[in-house]
Amino acid sequence: MEAAVTRTTLVGRTLVPTIHNSLTRLRLKNSFITTQPCAASAFSSKPVQLKLIVIAKAADSTQAPSSSSSSSSTTGKAVVEDTEFTLAKVSFGVIGLGLGVSLLSYGFGAYFNILPGSEWSAIMLTYGFPLAVIGMALKYAELKPVPCITYSDAAMLREKCATPILKQVRNDVIRFRYGDEQHLEEALKRIFQYGLGGGIPRRSAPMLELIREEVTEDGRYSLVLVFKAKDLQLSDFEKRQAKFASFFGPGITAEIGIDDNGLFEVRLTSDTTL
């Protein structure tokens, strides 16, 4: 940023010696008036030159106003909550552990006559212990469901336009699973070829963070898989775009992208339209 500088010279015979030796600065809105310091001995009847420097602050034309990001196709659309209840959405580990610990606690209390029902204490202890162990095992092997964001227009198109495979993928990732290390494990293993030539190391495998159900601009149902993969680049997904379409097909097209948070998006769009 450049500043415009104007120098003005004032000549006078007498000056009142009240000017401080330190630099005096007067600020006028967008300008500064600066006077050069003079020694006390310099004040005399001889003409004295006083340099008056006016520095105007120029506007910085290089700063552009911040513009808001372009709105996506989902802006303003309502999000539909998943209110459908199924046992697959319930953690069996929590149920088993809670029931087993409850039976064990009451069984011990009844056995020592702290709680009523001493005649049932043996049965409660007998069944409570294995239930607690099974519950802990299920809890340890549990894979929690991923969040699912469903927009209202996509929810209406799902039954008629989504392919059976897209419906199965959605249902599999929004329920509890047991024994799997990650969601879509088999699909990602075949697409990225863990540990094989031309593939990626297993430790670099992408992790499914969430899914979205959207409708494209041309009115087609789309299931978006959002992955987190710190060790992968966008090119690692783009060169496997055909594999995504082949594995989750037929009847779909696959598109690869990346969002503002560095998460990779695989958009599976159904070819079926109303």
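Each residue of the sequence shown is one higher than the one before, counting from 30 in the numbering used here. The beta-carbon is built from N, C-alpha and C at its ideal position, and this holds for glycine as well.
Under a 10 Å Cβ-count criterion, Val119 is classified as exposed, with fewer than 16 other Cβ atoms of the shown protein chains found around its own Cβ. Non-local beta-carbon contacts of Ile203 in its own chain, meaning distances under 8 angstroms to residues more than five positions away in sequence, involve Asp111, Lys118, Pro174, Val175, Cys177 and Ile240 in chain order. Residue burial is scored here from C-beta neighbours: Ser150 has at least 16 other C-beta atoms within 10 angstroms and is therefore classed as buried. For Arg204, no beta strand (DSSP E) segment is defined, and its DSSP state is neither H nor E. By the C-beta criterion, the segment 176–194 is judged not to be in contact with the segment 213–223, since fewer than 3 inter-stretch pairs fall below 8 angstroms. Arg187: member of the alpha helix (DSSP H) spanning Ser181 to Cys190, first to last residue. In the three-state reduction of the DSSP assignment, Ile152 falls in the helix class. Residue state for Ile124 is assigned as helix, using DSSP reduced to three classes. Here Val244 is bridged, per DSSP, to Tyr250. For Ala283, the enclosing beta strand (DSSP E) stretches over residues Ile281 to Ile287. The straight-line gap separating the alpha-carbon atoms of Ser264 and Ile287 is approximately 11 angstroms.
Nearest to Pro279 by C-alpha distance, out of Lys268, Leu297, Glu267 and Leu292, is Leu297.
The straight-line gap separating the alpha-carbon atoms of Phe293 and Tyr156 is approximately 47 angstroms.
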